[in-house]
């Protein structure tokens with residue numbers, strides 16, 4: 100449990116009281132007019148304050164794309180980074196008053212860019228005297244609290260704890276529990292005070308909730324150490340506690356989406372995107388800052404099923420694209436503050452300048468990372484592009500498959516080495532490109548953008564076919580006689596690119612004219628049809644191996660190989676060792692899209 104001690108808002112109130120006492124004792128023989136001047140102002144009956152919110156910053160400090168080694172740009176004109184968001188926050192504080200603004204984050208802070216990787220693996224913050232740039236930036240911005248995101252656990256608990264120790268604000272996780280004691284492993288909540296001169300402070304309870312999927316996605320880092328029950332279950336425990344502590348306003352910061360969906364199927368008994376369910380099922384909540392799903396939801400209301408009260412939710416996209424602003428109006432009734440009005444919106448920071456103080460604080464760290472990602476590791480014989488990787492078997496994806504296959508093969512036991520070995524991997528970035536000529540770390544990092552590690556898992560032929568059928572849900576059905584349009588072909592069933600696996604080592608067709616569940620045709624290994632009872636070793640990343648995206652069979656499959664080395668680093672090592680990246684060494688066209696047997700592309 101964490102109830103914040105005296106903070107800057109309490110100090111403002113204390114100073115104001117001291118100042119008033121000095122003024123009152125400044126004159127002994129005061130006349131009526133002077134006495135009237137000294138009479139305390141009437142206590143206010145209403146007040147307003149704001150809670151500002153960010154989420155899924157993923158270590159974007161500056162408006163910079165390390166993969167492209169250039170200022171960030173996209174088709175929608177967005178900017179990224181907390182340096183710009185910091186300027187918006189300054190403007191909000193100046194307009195509304197420092198003592199009327201709280202600042203909160205909804206998680207996924209320390210993973211996601213080359214800067215994040217650099218300070219986790221190359222120059223780790225666990226080393227002496229090394230501070231995480233996000234801790235430096237967020238301390239400067241004076242955050243009041245942040246929820247734990249699932250990606251906070253990617254580099255292990257030691258790195259997370261070190262980051263936590265560097266933050267001047269609590270990392271909250273009411274449903275991140277010690278596996279042995281089932282007590283909170285992090286502070287569940289904090290209580291902040293809004294100073295109101297001449298009236299009681301407004302007590303704002305901030306409860307943090309993280310994603311139950313951590314138990315799957317980062318199983319290697321948390322198994323036996325932490326457990327992650329559902330958001331609804333823990334909110335039911337802590338919201339009444341905050342009200343009992345006298346909180347006038349209860350604000351949640353949830354690293355969980357708001358549509359009630361789950362990507363991992365029934366692998367866990369808890370919902371992944373549960374913020375709407377928390378609002379609906381747990382009485383006593385005023386508002387929720389939503390995270391995890393990387394969408395912009397300026398304002399959304401959910402009616403609580405028990406009380407009928409409306410709960411206000413907002414999600415500010417990701418990467419510093421937006422800033423959520425919750426504005427509250429409260430009224431004093433019988434000595435307690437009651438919310439009378441609340442609104443939410445998102446602000447776009449692209450039109451403001453980056454905070455020069457954050458630039459000054461972190462420019463040197465940024466330059467270190469720029470130098471690192473531009474380090475040459477070899478050459479490439481021709482340009483390799485991922486632009487068509489979501490509907491064609493392209494050589495750049497075979498590069499990933501080759502590295503995964505080689506690595507798992509070298510680590511198999513003698514008995515497992517006799518089994519056929521295949522690889523599965525997803526096209527994480529359609530914009531990835533490894534140019535002809537010099538190959539740098541950023542070229543490879545732009546292709547493999549996640550910090551996944553590698554597994555080898557055993558699947559039967561029947562299970563492998565189920566796996567590939569599940570992947571084929573990625574495509575919209577296109578009947579024979581209808582031309583497939585790449586602009587509308589993919590991402591059916593909210594199946595995003597990172598969720599779609601292709602396979603190497605087997606050959607197969609995907610019939611997009613067929614119904615889901617019967618699209619995989621001509622599945623062969625070594626020119627022979629795959630038998631249902633045939634056993635394969637499948638090279639697969641840890642996210643998928645542990646149940647990420649809900650693929651069948653893989654999470655419970657026997658393990659033939661596992662490693663803590665990031666696949667991205669294995670790819671860098673491959674190019675460094677070979678000297679030249681040549682698709683002639685690995686490119687094989689082994690799958691294609693068809694319409695009733697006719698190739699689509």
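Numbering (my numbering), first residue to last: 100 to 700. For each residue, glycine too, the CB sits at the ideal point set by N, CA and C. Since we're looking at a predicted model, the values are computed, not measured.
{"Check": "Does DSSP put residue 609 in a helix, in a strand, or in coil?", "Outcome": "strand"}
{"Check": "Since residue 442 and residue 414 should fall inside the 8 Å C-beta cutoff, what is the C-beta to C-beta distance between them, to a whole number of angstroms?", "Outcome": "Not quite, the Cβ-Cβ distance comes to about 15 Å (not below 8 Å), so this is no contact."}
{"Check": "Between residue 357 and residue 296, what straight-line distance do the alpha-carbon atoms span, to the nearest angstrom?", "Outcome": "37 Å"}
{"Check": "Spatial neighbours of residue 561 within its chain, please: C-beta separation below 6 Å, excluding the five flanking residues on both sides.", "Outcome": "631"}
{"Check": "By DSSP, does residue 448 sit in helix, in strand, or in coil?", "Outcome": "helix"}
{"Check": "Going by DSSP, name the residue or residues bridged to residue 661.", "Outcome": "554"}
{"Check": "Is the region 463-473 close to the region 507-518, with three or more CB pairs under 8 Å?", "Outcome": "no"}
{"Check": "Could you tell me the distance, in whole angstroms, from the CA atom of residue 624 to the CA atom of residue 642?", "Outcome": "25 Å"}
{"Check": "Tell me residue 150's beta-bridge partners as DSSP assigns them.", "Outcome": "201 and 425"}
{"Check": "Reducing DSSP to helix, strand and coil, say where residue 316 ends up.", "Outcome": "helix"}
{"Check": "Which residue from 429, 417 and 389 puts its Cα closest to that of residue 298?", "Outcome": "429"}
{"Check": "Quick one: residues in its chain with C-beta nearer than 7 Å to the C-beta of residue 675, no 5 flanking neighbours on either side, listed in chain order?", "Outcome": "476 and 477"}
{"Check": "Whose C-beta lies closer than 8 Å to the C-beta of residue 409 among residues of the same chain, with five residues either side of it excluded?", "Outcome": "400, 401, 402 and 403"}
{"Check": "Quick one: is residue 344 buried, meaning 16 or more other Cβ sit within 10 Å of its Cβ, or exposed?", "Outcome": "exposed"}
{"Check": "Which runs of the beta strand (DSSP E) spanning at least 3 residues fall entirely within the region 577-624, listed in chain order?", "Outcome": "601-603, 606-610 and 619-624"}
{"Check": "To the nearest angstrom, how far is the alpha carbon of residue 655 from that of residue 690?", "Outcome": "26 Å"}
{"Check": "Give me whichever residues DSSP pairs with residue 537 in a beta bridge.", "Outcome": "478"}
{"Check": "If you count every other CB in all the chains shown that lies within 10 Å of the CB of residue 502, and 16 or more means buried, which is it?", "Outcome": "buried"}
{"Check": "Please report the residue range of the alpha helix (DSSP H) in which residue 472 lies.", "Outcome": "455-472"}
{"Check": "State the Cα-Cα distance for the pair residue 493 and residue 175, rounded to the nearest angstrom.", "Outcome": "28 Å"}
{"Check": "Going by DSSP in three states, residue 286 sits in which element: helix, strand or coil?", "Outcome": "strand"}
{"Check": "Would you mind listing the alpha helix (DSSP H) stretches within the region 185-250 that are 4+ residues and don't spill past its ends, in chain order?", "Outcome": "213-216 and 232-240"}
{"Check": "On the criterion of 16 or more Cβ atoms from any shown chain inside 10 Å, does residue 292 qualify as buried, or is it exposed?", "Outcome": "buried"}
{"Check": "Smallest Cα separation from residue 599: which of 151, 667, 242 and 528?", "Outcome": "528"}
{"Check": "Relative to the alpha-carbon of residue 660, which residue among 516, 526 and 564 has its alpha-carbon at the smallest distance?", "Outcome": "516"}
{"Check": "Might you give, ordered along the chain, the residues of its own chain that have their beta carbon closer than 7 Å to the beta carbon of residue 686, omitting 5 neighbours on each side?", "Outcome": "494 and 497"}
{"Check": "Tell me the rounded alpha-carbon separation between residue 608 and residue 481.", "Outcome": "27 Å"}
{"Check": "Which one of 390, 367, 622 and 166 has the shortest CA to CA distance from residue 207?", "Outcome": "390"}
{"Check": "Would you say residue 694 and residue 583 are within 9 Å of each other, going by their C-beta atoms?", "Outcome": "yes"}
{"Check": "For residue 638, which of 621, 551 and 617 has the nearest alpha-carbon?", "Outcome": "551"}
{"Check": "So, with DSSP's three-state summary, where would you put residue 305?", "Outcome": "strand"}
{"Check": "If we ignore side chains and look at the alpha-carbon of each, how far apart do residue 567 and residue 595 end up?", "Outcome": "15 Å"}
{"Check": "Answer yes or no: do residue 232 and residue 160 have a C-beta to C-beta separation smaller than 9 Å?", "Outcome": "yes"}
{"Check": "Which word fits residue 100, buried or exposed, when buried means at least 16 other C-beta atoms lie within 10 angstroms of its C-beta?", "Outcome": "In this prediction, residue 100 has a pLDDT of 39, which is less than 50 and means its spatial position is unreliable; what the coordinates show is noted afterwards. Classification for residue 100: exposed."}
{"Check": "What's the gap between the Cα of residue 426 and the Cα of residue 472?", "Outcome": "41 Å"}
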